[in-house]
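J.: Here it is: the structure, laid out below.
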Amino acid sequence: MKRILIVISLALLVVCLGACNKEIQSTNTLAEAKLTDKEKFLLSSTSDKSFVFDYKVDKKYKQVSLWVDKYEFGKLVEEKLNNMLTEIDGTGMIIFSTSQTIAEQKESTINISVNNYNGFSTIRTQLIIPKVMQSTWGSNPSEYIPIADKMVLASICYSNGHGMSSLTNDFYSDIDNRLYEIKDYDVVYVLRAEFLDK
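The opening position of the sequence shown corresponds to residue 1 in full-length UniProt numbering, with each subsequent residue numbered one higher.
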């Protein structure tokens with residue numbers, strides 16, 4: 001029943017946020033969405049951490065692939081943890097969120113949703129996260145993120161007993177050469193995207 005409520009809440013949220021989608025100036029870019037206080041409230045009532053991106057692409061892009069990579073102490077341990085491939089048409093929105101189940105605080109759900117004029121798609125994955133973990137999270141700080149291969153959009157980092165700090169801006173644009181930034185973190189989830197012309 002709780003999962004059904006979460007799914008319904010996310011579906012309503014995607015529809016509401018899609019209606020308020022801000023206009024991106026440049027084609028073939030993503031931008032972190034500027035949310036109203038009401039939209040922020042809706043997100044916070046259904047998730048613990050969330051990231052919302054608007055995208056605008058030209059007609060050559062037909063699909064978007066979204067996934068989460070899992071790192072432990074700076075090493076990739078699971079690629080494409082939850083992978084979603086969906087059709088797109090011009091403009092839309094990507095929502096990445098996590099939520100903990102009320103009954104068992106160790107269990108979290110990662111949700112990825114895409115909203116565009118054709119409707120919306122959602123995928124979710126259950127994760128086990130130890131209670132004692134500290135966390136920090138962030139998103140790509142670029143005002144407009146140009147469409148590129150395997151873009152890094154956001155991250156959630158967990159650590160048990162280590163000091164934590166936000167990842168640098170360079171991590172999001174050059175992850176392969178910046179993995180040392182996450183070598184002291186027990187677990188890091190990285191949201192990635194790739195727009196496809198197939």
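Glycine included, C-beta positions come from ideal geometry on N, C-alpha and C.
#1: Is S65 helix, strand or coil when you go by DSSP?
#2: For residue 215, count neighbouring C-beta atoms within 10 Å of its own C-beta (all shown protein chains included) and say buried if the count is 16 or more, exposed if not.
#3: What's the gap between the Cα of L66 and the Cα of K49?
#4: Using a Cβ-Cβ cutoff of less than 7 Å, which residues in the same chain neighbour T86 once the five nearest sequence positions on both sides are dropped?
#5: In the DSSP assignment, find the beta strand (DSSP E) that holds K56 and state where it starts and stops.
#6: Would you report the Cα separation of N21 and T109, rounded to the nearest angstrom?
#7: Work out the CA separation of Y61 and L196 for me, nearest whole Å.
#8: Which value, in whole angstroms, describes the spacing of the CA atoms of S142 and L167?
#9: Excluding five sequence neighbours on each side, which residues of the same chain lie with their C-beta closer than 6 Å to the C-beta of Y144?
#10: With distance defined between alpha-carbon atoms, name the residue in I88, E79, E78, S45 nearest to K198.
#11: Cutting at 6 Å between CB atoms, please list the residues of its own chain near Q134, excluding the five before and the five after it.
#12: Beta-carbon separation of I156 and Y180 under 9 Å?
#13: Spatial neighbours of N83 within its chain, please: C-beta separation below 6 Å, excluding the five flanking residues on both sides.
#14: If you draw a straight line from the alpha carbon of Y185 to that of Y71, how long is it in whole angstroms?
#15: From which residue to which residue does the alpha helix (DSSP H) around N111 run?
#16: Quick check: what's the CA-CA separation for N169 versus L127?
#17: Near F171, which residues of its chain fall below 6 Å by C-beta distance, leaving aside the five closest residues on each side in sequence?
#18: If I follow the unbroken alpha helix (DSSP H) through K75, where does it start and stop?
T.: So, from the listed chains and residues:
#1: For the purposes of this step, residue 65 is taken as the residue at position 65 of the sequence shown. Strand at S65.
#2: Nothing about residue 215 can be reported from this structure: the residues present for the chain run from 1 to 198 only.
#3: Taking the first residue of the sequence shown as position 1, residue 66 is located at position 66. Taking the first residue of the sequence shown as position 1, residue 49 is located at position 49. Cα to Cα, the separation comes out at about 17 Å.
#4: If you number the sequence shown from 1, residue 86 lands on position 86. Answer for T86: Q63, V64, V114, S121, listed in chain order.
#5: Start at 1 with the first residue of the sequence shown, and residue 56 comes out as number 56. Where K56 is concerned, the enclosing beta strand (DSSP E) stretches over 49–56.
#6: As a first step, residue 21 must be located in the sequence shown, where it is residue number 21. As a first step, residue 109 must be located in the sequence shown, where it is residue number 109. Note that N21 has pLDDT 44, beneath the 50 cutoff, so the model's placement of it is unreliable and the number below is only indicative. Their Cα atoms are separated by approximately 25 Å.
#7: By one-based count along the sequence shown, residue 196 stands at place 196. By one-based count along the sequence shown, residue 61 stands at place 61. Each residue's Cα considered, the two are about 5 Å apart.
#8: Along the sequence shown, one-based indexing puts residue 142 at 142. Along the sequence shown, one-based indexing puts residue 167 at 167. Approximately 14 Å between the Cα atoms of the pair.
#9: For the purposes of this step, residue 144 is identified with residue 144 of the sequence shown, where counting begins at 1. Around Y144: S26, T29, A31.
#10: Along the sequence shown, one-based indexing puts residue 198 at 198. Looking at the Cα atoms, I88 is the closest of the given residues.
#11: Here residue 134 is taken as the residue at index 134 of the sequence shown, counted from 1. Hits under 6 Å: S159, M164.
#12: Locating residue 156 in the sequence shown gives position 156, counting from the first residue. Locating residue 180 in the sequence shown gives position 180, counting from the first residue. No, the Cβ-Cβ distance between I156 and Y180 is not below 9 Å.
#13: In the sequence shown, residue 83 corresponds to position 83, counting from 1. Excluding positions up to five away in sequence, the list reads W67.
#14: Walking along the sequence shown from the start, residue 185 turns up at place 185. Walking along the sequence shown from the start, residue 71 turns up at place 71. Rounded to whole angstroms, Y185 to Y71 spans 9 Å at the Cα level.
#15: One-based indexing of the sequence shown puts residue 111 at position 111. Unbroken run through N111 is the beta strand (DSSP E), 107–116; no alpha helix (DSSP H).
#16: If you number the sequence shown from 1, residue 169 lands on position 169. If you number the sequence shown from 1, residue 127 lands on position 127. Their backbone Cα atoms lie some 27 Å apart in a straight line.
#17: What you label residue 171 is simply residue 171 of the sequence shown in a count that begins at 1. So the list reads R178, E181, once near-sequence residues are dropped.
#18: By one-based count along the sequence shown, residue 75 stands at place 75. It is not in any alpha helix (DSSP H) - K75 instead sits in the beta strand (DSSP E) that spans 75–78.
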